[in-house]
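Protein chains in written order, with our numbering: chain A, 619 to 970; chain B, 7 to 295.
Notes follow the structure.
Structure follows, in structure tokens:
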């Protein structure tokens, strides 16, 4: 096990810089998830940590040792790929044992280790099977087993659940999380799925266009987004952003409604966006913000999502599942002041 | 009892197949049959002629009137044929092994490594496919002469130890090996040669099998170059040797056909060994399901 540090890491392909000096410290045993849209640089960062991509500038440290010029095999890492990359011509056992090929471990110890890993992953009965005889989830487990068997300092996961169906993905998510609790190695996990990030991570790194937007616990990035990108990226449905003007401690929305927001950083007069999550926005709230007409309903059982046409555009709110407002009905939507966010329009940065 | 009028769908299903479809089927089968006969007949005549006495050779009857294995006894007891057979086996086997190794090494390198001039090297290799063998034999001969390779195994084999076709074939097949496999092996501590041998090669077995069959057959039946580069009868390969059965006055077709019949056995064995590997889709089994 080891900590990991990235110092002003950049990556360029020719004259195009795709990663613009990112820095990050990952503690020993921490589960960190890199999340962001396609092309944000999360997989490139992971591949640079693995040594599969050269670093243009900056330093990568694993366990306090600079690894920039080390081969992948010398970095004490193991990687699980999106396509599993388990060798089809080898049995499960040989695939798992493959990770130990270059180890000096005596044969009986290797055998013991393979059994141990297969036991953890509940694959002892499958050791003699070929990958073609396994389901998607089992193949993914083999890939994890091959990574685990070496007991590396850092595990790297490159979107390992993307090819699984929804049910299996949920199951594997849980298994990986349990596995981390059990083995305690440092894990860097890349995904574009914010639900995966929220459910698995100790800390989430949100990336966009080669920059880190925010690093924080799932709670922090959800409840205190650093900017409008994070606010919209994390959470489903996305946070509503309503255009308005900030004047002192209150925001005046396009429809003329004035909303008081507590704990604002930097006052003055400027264009802002008021952010409120659909989960926090309800009809009939004690603190009304905006009025509009319901255009669509999405029943979710206990709750119903309502799409409301307002002077600030269409917004989404959550209503009670038993007695939701009808389509065409005019509703007054409100949220508790502590659930309101204010973002500067020019920079996108959070002011609350 | 209630009568139910058949629906439009039922009528459609019950309708017999159109006559034109049946006719098309018959034509297809007929063409295939003709093709099959055209392929099999030369082989049938080869075996038939090998079982005939010399006076019956020019009769077109497929079944010999007085079948004999005398020709086989003669050919197998003739010391020359034995050596030609051994020469052909040595040359075809070594050339096949070399092609499997060198073509796949070069194909793998051109496919999986990015280096300056990669494309130029590939095009240069491919362009040699456009030069006919007849044009190459003169430089080959001059080379063999300069290096003292005339009338030797090395002289017969050297032009075919690596082929542009094989390199191209292997490169294209290595394209289907996902980079993830190679990167996973790199992380697991294998060097590039180990990755090629342990990971990439088993995944392109169908291509290797196809290449092995092509190269073996090509060298087994090669005539022009072995004829030019060899002088002594003991260095002949089977095709060169068989062409010498007979003289200016008479060609001993029954012996040539007997030799040809015997010489098909190794090619059949090679085909039977390798054809089972020609099963596509092995590569995909380790990827997403």
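Ideal placement from N, C-alpha and C gives every residue a C-beta, glycine not left out.
What you are looking at is a predicted structure, and each value in this text was computed from that prediction instead of being measured.
#### Entry: Simplified DSSP assignment, three categories, for residue 77 of chain B
Taking the first residue of the second chain as position 1, residue 77 of chain B is located at position 71. Residue state, collapsed to three classes: helix.
### Query
Going straight from the alpha carbon of residue 959 of chain A to that of residue 801 of chain A, what length do you get?
For the purposes of this step, residue 959 of chain A is taken as the residue at position 341 of the first chain. For the purposes of this step, residue 801 of chain A is taken as the residue at position 183 of the first chain. Roughly 39 angstroms between the two C-alpha positions.
### Task
Consult DSSP for residue 691 of chain A and reduce its assignment to one of helix, strand or coil.
Here residue 691 of chain A refers to the residue found at position 73 of the first chain. The DSSP-derived three-state label of residue 691 of chain A is helix.
### Same chain, Cβ closer than 6 angstroms to residue 17 of chain B, five either side skipped, listed in chain order
Position 11 of the second chain, counted from the first residue, corresponds to residue 17 of chain B. Residue placement at residue 17 of chain B is flagged as unreliable, the pLDDT there being 46, under the threshold of 50; a coordinate-derived value is accordingly withheld.
### Query
At which residue ranges does the region 84-137 of chain B contain complete alpha helix (DSSP H) runs of 4 or more residues, listed in the order of the chain?
Whole alpha helix (DSSP H) segments, 4+ residues: 85-118, 124-133.
### Message
Against chain B, which members of the region 704-727 of chain A pass a CB distance test of less than 9 angstroms?
### Response
For the region 704-727 of chain A, the set of residues with a beta-carbon nearer than 9 angstroms to any beta-carbon of chain B comprises 704, 705, 706, 707, 708, 713, 716, 717, 718, 719, 720, 721, in chain order.
### Query
In terms of alpha-carbon separation, which member of A:751, A:767, A:663, A:799 lies closest to residue 737 of chain A?
As a working mapping, residue 737 of chain A is identified with position 119 in the first chain. Residue 737 of chain A has its Cα closest to that of A:767, out of A:751, A:767, A:663, A:799.
### Query
Should residue 651 of chain A be labelled buried (16 or more other beta-carbon atoms within 10 Å of its own) or exposed?
In the first chain, the residue the question calls residue 651 of chain A occupies position 33. By the neighbour-count criterion, in which 16 or more other beta carbons inside 10 Å mark a residue as buried, residue 651 of chain A falls on the buried side.
### Message
Measuring alpha carbon to alpha carbon, tell me which residue in A:655, A:660, A:654 is nearest residue 629 of chain A.
### Response
In the first chain, counting from the first residue as 1, residue 629 of chain A sits at position 11. The option with the nearest alpha carbon to residue 629 of chain A is A:660.
### Query
For residue 71 of chain B, which of B:61, B:77, B:78, B:80 has the nearest alpha-carbon?
Within the second chain, numbered from 1, the residue matching residue 71 of chain B stands at position 65. Taking only the C-alpha atoms, the option nearest residue 71 of chain B is B:61.
### Query
Taking Cβ positions, are residue 890 of chain A and residue 869 of chain A nearer each other than 8 angstroms?
By 1-based counting over the first chain, the position of residue 890 of chain A is 272. By 1-based counting over the first chain, the position of residue 869 of chain A is 251. When the beta-carbon positions are compared, residue 890 of chain A and residue 869 of chain A come within less than 8 angstroms of each other.
### Query
Roughly how many angstroms separate the alpha carbons of residue 838 of chain A and residue 728 of chain A, rounded to a whole number?
Locating residue 838 of chain A in the first chain gives position 220, where the first residue counts as 1. Locating residue 728 of chain A in the first chain gives position 110, where the first residue counts as 1. Taking the straight line from one Cα to the other gives about 42 angstroms.
### Task
For my contact list, residue 739 of chain A and residue 764 of chain A are in at a C-beta cut-off of 8 angstroms; report their separation, rounded to the angstrom.
For the purposes of this step, residue 739 of chain A is taken as residue 121 along the first chain, with counting starting at 1. For the purposes of this step, residue 764 of chain A is taken as residue 146 along the first chain, with counting starting at 1. About 10 angstroms; that fails the 8 angstroms criterion.
### Query
Can you find at least 3 beta carbon pairs, one from the region 786-804 of chain A and one from the region 713-733 of chain A, that sit closer than 8 angstroms?
Verdict: no, contact absent.
### Message
With three or more beta-carbon pairs closer than 8 angstroms as the criterion, would you say the region 206-220 of chain B touches the region 138-156 of chain B?
### Response
No, they do not touch.
### Message
Can you tell me whether residue 940 of chain A is helix, strand or coil according to DSSP?
### Response
Position 322 of the first chain holds residue 940 of chain A. In this structure, DSSP gives residue 940 of chain A a state outside helix and strand, which the three-state scheme calls coil.
### Query
Quick one: is residue 54 of chain B buried, meaning 16 or more other Cβ sit within 10 Å of its Cβ, or exposed?
For the purposes of this step, residue 54 of chain B is taken as residue 48 along the second chain, with counting starting at 1. Buried is the call here.
### Task
Examine chain A for any beta-carbon lying closer than 8 angstroms to the beta-carbon of residue 240 of chain B, and answer yes or no.
What you label residue 240 of chain B is simply residue 234 of the second chain in a count that begins at 1. No, no contact with chain A.
### Query
Going along chain B, which residues have a C-beta under 9 angstroms from residue 784 of chain A?
Looking up residue 784 of chain A in the first chain gives position 166. The premise fails here: residue 784 of chain A is roughly 15 angstroms from chain B at the closest Cβ pair, so nothing lies under 9 angstroms.
### Query
If residue 695 of chain A and residue 771 of chain A are in contact, beta carbons under 8 angstroms, what's the gap, nearest whole angstrom?
Reading the first chain from its first residue, position 77 is the one you call residue 695 of chain A. Reading the first chain from its first residue, position 153 is the one you call residue 771 of chain A. Contact between residue 695 of chain A and residue 771 of chain A holds, with the beta-carbon distance rounding to 7 angstroms and staying under 8 angstroms.
### Beta carbon proximity, residue 282 of chain B to chain A, threshold 8 angstroms
On the second chain, residue 282 of chain B is found 276 positions in, with the first residue counted as 1. Taking Cβ atoms only, chain A never reaches closer than 8 angstroms to residue 282 of chain B, which makes this a no.
### Message
Between which two residues does the beta strand (DSSP E) holding residue 153 of chain B run?
### Response
Stepping through the second chain from its first residue, residue 153 of chain B is reached at position 147. Unbroken run through residue 153 of chain B is the alpha helix (DSSP H), 139-153; no beta strand (DSSP E).
### Task
Please check the pair residue 893 of chain A and residue 859 of chain A, which I expect to be a contact at CB under 8 angstroms, by giving their CB distance rounded to whole angstroms.
Counting from one through the first chain, the residue named residue 893 of chain A turns up at place 275. Counting from one through the first chain, the residue named residue 859 of chain A turns up at place 241. Between the beta-carbon of residue 893 of chain A and that of residue 859 of chain A there is about 5 angstroms, and that keeps the pair under the 8 angstroms contact cut.
### Message
Whole angstroms are fine: how far does the CA of residue 231 of chain B sit from the CA of residue 225 of chain B?
### Response
Here residue 225 of chain B refers to the residue found at position 219 of the second chain. Here residue 231 of chain B refers to the residue found at position 225 of the second chain. Taking C-alpha positions only, residue 225 of chain B is separated from residue 231 of chain B by approximately 10 angstroms.
### Query
Can you tell which of B:31, B:246, B:186, B:134 has its C-alpha closest to the C-alpha of residue 266 of chain B?
To locate residue 266 of chain B, count along the second chain from 1; it is residue 260. Comparing Cα positions, the closest option is B:246.
### Message
I need the DSSP call for residue 621 of chain A, collapsed to helix, strand or coil.
### Response
Start at 1 with the first residue of the first chain, and residue 621 of chain A comes out as number 3. In the structure shown, the three-state DSSP call for residue 621 of chain A is coil.
### Task
Apply the 10 Å Cβ neighbour rule to residue 64 of chain B and answer buried if 16 or more other Cβ atoms are within range, or exposed otherwise.
Counting from 1 along the second chain, the entry for residue 64 of chain B is found at position 58. With fewer than 16 other Cβ atoms within 10 Å, it is exposed.
### Beta-carbon gap between residue 938 of chain A and residue 916 of chain A smaller than 8 angstroms
What you label residue 938 of chain A is simply residue 320 of the first chain in a count that begins at 1. What you label residue 916 of chain A is simply residue 298 of the first chain in a count that begins at 1. Result no, Cβ atoms of residue 938 of chain A and residue 916 of chain A do not sit closer than 8 angstroms.
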